[in-house]
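All remarks here apply to the structure that follows.
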Amino acid sequence: MREGLPMRLLRAATVLFVVLWSGAPVALMVLSSFKPTTEIFAYPPALIFAPTLEHYRTLFEKWPDFLGTLFNSAAVAILSTLVTVAASVLAGYVYSRYRGTAIGASALFMVAIRLLPPIVIILPLFPATSLLQLNDTWAILVMLYATFFVSIGSMILKAYIDGIPTELDDAARIDGAGEMQTLLRIIVPLAAPGMVAAAVFVFVYAWNEYLFAFVFTTTDAKTAPIVISEMMGSLTGVDWGALFAAATVQLVPVTLFVIALQRFLVAGLTAGSVKG
Amino acid sequence: MRRFGAAQLLMLAPAQALLIAFIAIPSLYVFWLSFTESSYGTGTLFVGLANYEAIWQDDAFWRALVNTLLVINVIVYGELLISFLLAAVFVQGIPFRAVVLAIILMPYAISEVVAVAIWKFMLDPQIGSIARTLAALGLPDFDWATNPTQGLILVCLISIWLHLPFTFIIIYAAMLAVPKELYEAAKIDGASAAQRFRYVTLPGIAGAVLVALIFRYILSFRLFSEVWLLTAGGPARMTEVLAVYLYKQAFTYASFGMGAATGWIMVVVSGLVAALYVWLLHRQGFRKDA
């Protein structure tokens, strides 16, 4: 296709603009975490500097609980991903292969109920979890994160399982496989990309979530985003170097994860949003 | 297609149990709470519609409602417009496509907390590089900490930054899915580029635009963290949105009843949006079948 120079320049400018818009803030933060304090505040920001690890040292000295909260974040994210994907495969399989009033009602309930704003349920859950001594535990966060992603997970998996020919499960059944065997041996291996797509969504959400973690955790189950928010609101003035070091440690693994699995994310977004 | 039995209901049970235990029952309880007066640790007292009346007369509520509606419209349509323009450029093919897409996706992986931190830093009047660039250009200060309008503008910016990947991917994927033959046919029939966009691209992506729009409406209605971490609703409760208003009523001002009533107002509004969503999807489905 032939096109004029102005058109090509416009296109290049658009691409450059969006790359800067999305990428520059993250790059600035990651680079600044390795800059000596004076360089962090230099204007204009320097691209070349003598890198230092002093902010990482400060971070682990002045915020010793940060490592523990990272561990909590990882544990909660992994557990809620497992719970969500397991519950979603089961439900997605039934929605894909069975029809009936109860099934339809259950699917409608699932789609409708997740539209409730999460903040609404913290009011009754806060006293209830204190009573059950679930406050400040991994369990409460895992359950809440799974709850808010089990609907989209089920819809993504239904869409994937719809694409698996029913002849395959019929053949397994003729060979004498039970329902669970069919699901585990036939459906799960073929629906694996859908499971990964659902997993990416929950994992990223659980790793980054702020509201529930802020309300339901205090010390034992505190997650990394909460520590970062505390660093930001510090009364003695913000130590930007240490804050950027913490943010970098928190964001780099999940960003690489998302970039590595981006095709699943894209597939999940299109499957879940168009059919869900 | 088979008929279901007890085994299938059991397979649905884990997902349904989570939704019932953590959303359905608590939200029904909130409904009851909204007719009572209580705060953490005290007994509850039935007060009828007093909480709803108190909210009706509370200026802070109306400001939070207006702020919410303004902010979500700016966010949702801002994202949609940017996604639209970007996708239109991207479908023509761009250099370094994989790298560019990876960079555009990046904010999807970033926590709201971290996003607020970096934008706060870049726009700090004393130390922020964007703020100092604006000053160097002779532009007036971007005074988001004391000026409520500018505070809300910053909330919108951060929110668009965080959620652009979501909207963009949906729109871009839909544009890529429009069959190439349609463009060829339109070209042969003598349609100009603008006409091809109007009569081929737009109808082809209408469904995806609708889905992105409603999804983002529902999700941005929950807006809490960006406001809470940036301004906490201040100065003088001028930048609160509904979720922040609810939280403060319940936990700062110890009025669970008013918080619960706000919650139910939010439920009703989201319910209306949800009903619209289901209705539009159904209509779309019927049209496809026809």
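Residue numbers (the numbering used here), protein chains in the order written: chain A, 1 to 276; chain B, 1001 to 1290. The C-beta atom is built at its ideal place from N, Cα and C for all residues, glycine as well.
Kindly indicate the opening and closing residues of the alpha helix (DSSP H) around residue i.
i, result
"ALA159 (chain A)", "138-162"
"VAL85 (chain A)", "66-97"
"ARG1222 (chain B)", "Where ARG1222 (chain B) is concerned, there is no enclosing alpha helix (DSSP H), given that its DSSP letter is neither H nor E."
"MET195 (chain A)", "192-208"
"TYR56 (chain A)", "54-62"
"TRP1161 (chain B)", "1148-1177"
"SER130 (chain A)", "118-131"
"GLU39 (chain A)", "37-40"
"GLU1240 (chain B)", "Here GLU1240 (chain B) belongs to no alpha helix (DSSP H), and DSSP marks it neither H nor E."
"LYS1120 (chain B)", "1112-1122"
"THR1133 (chain B)", "1129-1136"
"VAL215 (chain A)", "211-216"
"LYS1248 (chain B)", "Neither: LYS1248 (chain B) is in no alpha helix (DSSP H) and is coded neither H nor E."
"SER234 (chain A)", "No alpha helix (DSSP H) contains SER234 (chain A), which DSSP labels as neither H nor E."
"PHE1084 (chain B)", "1059-1090"
"ASP169 (chain A)", "166-174"
"MET29 (chain A)", "5-32"
Which one of the options has the shortest CA to CA distance from residue i?
i, options, result
"LEU211 (chain A)", "A:ASP169, A:THR223, A:MET110 and A:ILE187", "A:THR223"
"ILE259 (chain A)", "A:ALA246, A:VAL204 and A:ASN208", "A:VAL204"
"LEU261 (chain A)", "B:ILE1127, B:PHE1251 and B:ALA1098", "B:ALA1098"
"PHE1022 (chain B)", "A:ALA247, A:ALA171 and A:THR129", "A:THR129"
"PRO1148 (chain B)", "B:ALA1088, B:VAL1076, B:THR1239 and B:TYR1108", "B:THR1239"
"LEU1275 (chain B)", "B:LEU1009, B:ILE1214, B:ASN1067 and B:TRP1119", "According to the sequence as given, residue 1275 (chain B) is Ala; it is not Leu. Nearest option by C-alpha distance: B:ILE1214."
"TYR1077 (chain B)", "B:ALA1193, B:SER1220 and B:ARG1002", "B:SER1220"
"GLU1112 (chain B)", "B:VAL1155, B:SER1270 and B:ALA1261", "B:VAL1155"
"ALA1007 (chain B)", "A:LEU265, A:SER22, A:ARG97 and A:TRP240", "A:ARG97"
"ALA1208 (chain B)", "B:LEU1176, B:ALA1194, B:GLU1181 and B:PHE1224", "B:LEU1176"
"ALA1109 (chain B)", "A:MET7, A:GLY23 and A:THR236", "A:GLY23"
"ILE140 (chain A)", "A:VAL18, A:ASP220, A:ALA13 and A:MET7", "A:ASP220"
"GLU1226 (chain B)", "B:GLU1181, B:ALA1117, B:ASP1189 and B:VAL1091", "B:ALA1117"
"ALA1054 (chain B)", "B:GLU1037, B:ALA1174 and B:GLY1043", "B:GLU1037"
"PRO1203 (chain B)", "B:ILE1020, B:TYR1183 and B:LEU1162", "B:TYR1183"
"THR270 (chain A)", "A:ILE152, A:ILE174, A:ALA213 and A:ILE164", "A:ILE152"
"LEU243 (chain A)", "A:PHE257, A:ALA77 and A:ILE226", "A:ILE226"
In the DSSP assignment, what residue or residues form a beta bridge with residue i?
i, result
"PHE1046 (chain B)", "B:THR1036"
"ARG1003 (chain B)", "A:ARG99"
In chain D, what lies closer than 8 angstroms to residue i by C-beta?
i, result
"LEU269 (chain A)", "The chain inventory of the structure shown lacks chain D, comprising the protein chains A and B."
Taking 7 angstroms as the cut-off, does the CB of residue i come closer than this to any heavy atom belonging to the ligand ATP?
i, result
"ILE1075 (chain B)", "Ligands are entirely absent from the displayed structure, and the ligand ATP is therefore not among its contents."
Members of the segment 250-262 of chain A near chain B, C-beta cut-off 8 angstroms: Listed by position along the chain: GLN250, LEU251, VAL254, THR255, PHE257, VAL258, ILE259 and GLN262.
Residues, ordered as in the chain, of the segment 1199-1226 of chain B that lie near chain A by beta-carbon distance below 9 angstroms: Here the close residues are GLY1207, ALA1208, VAL1211, ALA1212, PHE1215, ILE1218, PHE1221, ARG1222, PHE1224 and SER1225.
Stretch pair the segment 191-208 of chain A + the segment 129-136 of chain A: three plus CB contacts closer than 8 angstroms: No contact exists between the segment 191-208 of chain A and the segment 129-136 of chain A.
Stretch pair the segment 223-238 of chain A + the segment 58-76 of chain A: three plus CB contacts closer than 8 angstroms: With a cut-off of 8 angstroms, the segment 58-76 of chain A and the segment 223-238 of chain A count as touching, because enough Cβ pairs lie within range.
Sufficient close CB pairs (3 or more, under 8 angstroms) joining the segment 1226-1243 of chain B to the segment 1139-1159 of chain B: Contact holds between the segment 1226-1243 of chain B and the segment 1139-1159 of chain B, because three or more Cβ pairs, one in each stretch, are under 8 angstroms apart.
Residues within the segment 228-251 of chain A neighbouring chain B, beta-carbon criterion of under 7 angstroms: Listed in sequence order: ILE228, SER229, MET232, TRP240, LEU243, ALA247, GLN250 and LEU251.
contact_flag[the segment 1018-1037 of chain B, the segment 1233-1241 of chain B] where n(CB pairs < 8 angstroms) is 3 or more: Contact fails between the segment 1018-1037 of chain B and the segment 1233-1241 of chain B, because fewer than three Cβ pairs, one in each stretch, are under 8 angstroms apart.
Within 7 angstroms of chain A by C-beta, residues of the segment 1235-1267 of chain B in sequence order: Contact residues of the segment 1235-1267 of chain B toward chain A are ALA1243, LEU1246, TYR1247, ALA1250, PHE1256, GLY1259, ALA1260, GLY1263, MET1266 and VAL1267 (C-beta to C-beta distance below 7 angstroms).
Near-chain A residues of the segment 1101-1112 of chain B - C-beta to any C-beta below 9 angstroms: So the close ones are LEU1101, ALA1102, ILE1103, ILE1104, LEU1105, MET1106, PRO1107, TYR1108, ALA1109, ILE1110, SER1111 and GLU1112.
The segment 65-85 of chain A contacting the segment 143-161 of chain A, beta-carbon criterion three pairs below 8 angstroms: Because the criterion of three Cβ pairs below 8 angstroms is met, the segment 65-85 of chain A and the segment 143-161 of chain A touch.
Three CB pairs or more closer than 8 angstroms across the segment 112-130 of chain A and the segment 180-194 of chain A: Judged by pairs of C-beta atoms under 8 angstroms, the segment 112-130 of chain A does not touch the segment 180-194 of chain A, as fewer than three such pairs exist.
Stretch-stretch touch, CB-based, cutoff 8 angstroms, three pairs: the segment 103-116 of chain A with the segment 47-54 of chain A: With the cut-off at 8 angstroms, the segment 103-116 of chain A and the segment 47-54 of chain A do not touch.
Inter-stretch contact (C-beta, 8 angstroms, three-pair minimum) for the segment 1078-1092 of chain B and the segment 1161-1170 of chain B: These segments touch.
Chain-ordered residues of the segment 1129-1153 of chain B with a beta carbon less than 7 angstroms from chain A: Going along the segment 1129-1153 of chain B in chain order, one finds SER1129 and ARG1132 with a Cβ nearer than 7 angstroms to chain A.
Interface positions of the segment 34-48 of chain A facing chain B (Cβ-Cβ less than 7 angstroms), listed along the chain: Taking 7 angstroms as the cut-off between beta carbons, the residues of the segment 34-48 of chain A near chain B are PHE41, TYR43, PRO44 and PRO45, in sequence order.
At least three beta-carbon pairs within less than 8 angstroms, the segment 89-103 of chain A to the segment 157-172 of chain A: With a cut-off of 8 angstroms, the segment 157-172 of chain A and the segment 89-103 of chain A count as touching, because enough Cβ pairs lie within range.
At least three beta-carbon pairs within less than 8 angstroms, the segment 1053-1065 of chain B to the segment 1244-1263 of chain B: Yes, since at least three Cβ pairs between the segment 1053-1065 of chain B and the segment 1244-1263 of chain B fall closer than 8 angstroms, the two stretches touch.
Selection of the segment 110-124 of chain A by Cβ proximity to chain B, strictly under 9 angstroms: Contact residues of the segment 110-124 of chain A toward chain B are MET110, VAL111, ALA112, ILE113, ARG114, LEU115, LEU116, PRO117, PRO118, ILE119, VAL120, ILE121, ILE122, LEU123 and PRO124 (C-beta to C-beta distance below 9 angstroms).
Proximal residues, the segment 209-221 of chain A versus chain B, C-beta separation under 9 angstroms: Within the segment 209-221 of chain A, the qualifying residues are GLU209, TYR210, LEU211, PHE214 and VAL215.
Contact between the segment 233-247 of chain A and the segment 18-36 of chain A (3+ Cβ pairs under 8 angstroms): In the pairwise beta carbon analysis, the segment 233-247 of chain A is classified as touching the segment 18-36 of chain A: at least three pairs are separated by under 8 angstroms.
Touching by the beta-carbon criterion (3+ pairs, under 8 angstroms), the segment 1117-1134 of chain B and the segment 36-47 of chain A: The segment 1117-1134 of chain B vs the segment 36-47 of chain A: in contact.
Chain A contacts made by the segment 1010-1032 of chain B, where a contact means CB separation under 7 angstroms: Answer set for the segment 1010-1032 of chain B: MET1011, LEU1012, PRO1014, ALA1015, GLN1016, LEU1018, LEU1019, PHE1022, ILE1023, ALA1024, PRO1026, SER1027, TYR1029 and VAL1030.
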